[in-house]
Amino acid sequence: MEKSQSDLCQEVLSRFHNEGVLRDVILIGSWCIPLYKKHYLKESLIPPLRTMDIDFLVPEPKSIKSSVNIPDILKNLGFIVDFAGEQGYIRLIHPDLIVEFLVQEQGRGSDKPYPLPSLGLNAQPLRFLNLLSEKIIKINIEGIIISIPHPAWFAIHKLIVTQRRTKTEKADKDLLVALALLHDLINMKQSKLILEAYKSVSKKWQAKIINLLEKKQEKEILKIIKNEK
């Protein structure tokens with residue numbers, strides 16, 4: 011019997027848990043949304059989302075405690091190794107899911123994959139991922155402990171990413187999620203955390219976020235990040 015996408019995701023997480031991989035990674039991307047909605051938010055304005063990508067951030071790649079071969083762990087689930095782009099970023103491809111590992115891009119950046127020999131693959135370096143590791147929450151799913159970004163930091167990250175997208179559809183999706191998530195947090199009286207997350211980014215990006223929110227006439231969010239009484 012074929013597994014549904016959610017069942018497959020659960021099995022991937024379970025195998026990573028059993029091998030100790032989840033101690034070294036943070037689940038990021040759209041798969042955080044259903045976890046926020048089920049385990050953190052009281053009510054949510056975020057519409058249902060479907061994505062094939064399940065992304066893991068390795069916040070401290072030089073301090074990985076695990077010693078496993080992730081392609082081997084997932085092989086009998088039907089995942090195959092794919093080398094993406096000219097540089098050969100490793101992704102694990104399944105008809106229903108794509109598993110990818112990411113690291114924070116350092117310095118001037120590089121288009122070369124970051125080797126993760128302790129995990130048996132490599133990772134793609136990207137900007138602004140450090141924001142997603144600044145404040146995390148832990149979710150317990152049937153005994154599996156998963157680290158995910160706090161939703162305030164997740165939303166602020168989305169407000170940055172949406173302005174860097176080249177594809178309008180993805181940019182619109184990021185913006186929709188960010189705004190809905192911020193309003194969810196406002197309804198939960200978590201305005202202080204929104205302000206804290208906003209202040210954690212550079213002055214340059216603070217200004218760009220304000221400009222975007224002004225264009226969208228998001229007065230309630232603007233009042234919070236401008237710290238207006």
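Here my numbering is used: the first residue of the sequence shown is 11, the next is one more, and so on.
Glycine included, C-beta positions come from ideal geometry on N, C-alpha and C.
Nothing here was measured: the structure is a model prediction, and the numbers come from that model.
Under 9 Å, do residue i and residue j count as touching if we go by C-beta distance?
i, j, result
"Val68", "Phe89", "no"
"Ser143", "Ile74", "no"
"Ile220", "Leu45", "no"
"Phe164", "Cys19", "no"
"Leu185", "Thr172", "yes"
"Leu112", "Leu139", "yes"
"Ile147", "Leu23", "no"
"Gln15", "Asp106", "yes"
Quick check on this structure: which residue in the options has the alpha carbon closest to the alpha carbon of residue i?
i, options, result
"Pro81", "Pro135, Gln15 and Arg101", "Arg101"
"Lys85", "His104, His27, Glu179 and Ile156", "His104"
"Leu189", "Ser16, Arg25 and Pro57", "Pro57"
I need the boundaries of the beta strand (DSSP E) containing residue i, first residue and last residue.
i, result
"Asp65", "Asp63 to Leu67"
"Asn132", "Leu131 to Leu136"
Taking just the CA atoms, how far does residue j sit from residue i?
i, j, result
"Lys226", "Asp182", "12 Å"
"Asn237", "Arg137", "27 Å"
"Lys233", "Gln200", "13 Å"
"His34", "Glu70", "Sequence inspection shows Asp at residue 34; the His mentioned does not correspond to that position. Rounded to the nearest angstrom, the two C-alpha atoms are 8 Å apart."
"Leu205", "Asp194", "14 Å"
Should residue i be labelled buried (16 or more other beta-carbon atoms within 10 Å of its own) or exposed?
i, result
"Gln116", "exposed"
"Gln97", "exposed"
"Leu141", "buried"
In terms of residue numbering, what span does the alpha helix (DSSP H) encompassing residue i cover?
i, result
"Leu205", "Ser201 to Lys209"
Just to check, is the beta-carbon of residue i closer than 8 Å to a non-hydrogen atom of the ligand GTP?
i, result
"Thr61", "The ligand GTP is not among the ligands present in this structure, which contains no ligands whatsoever."
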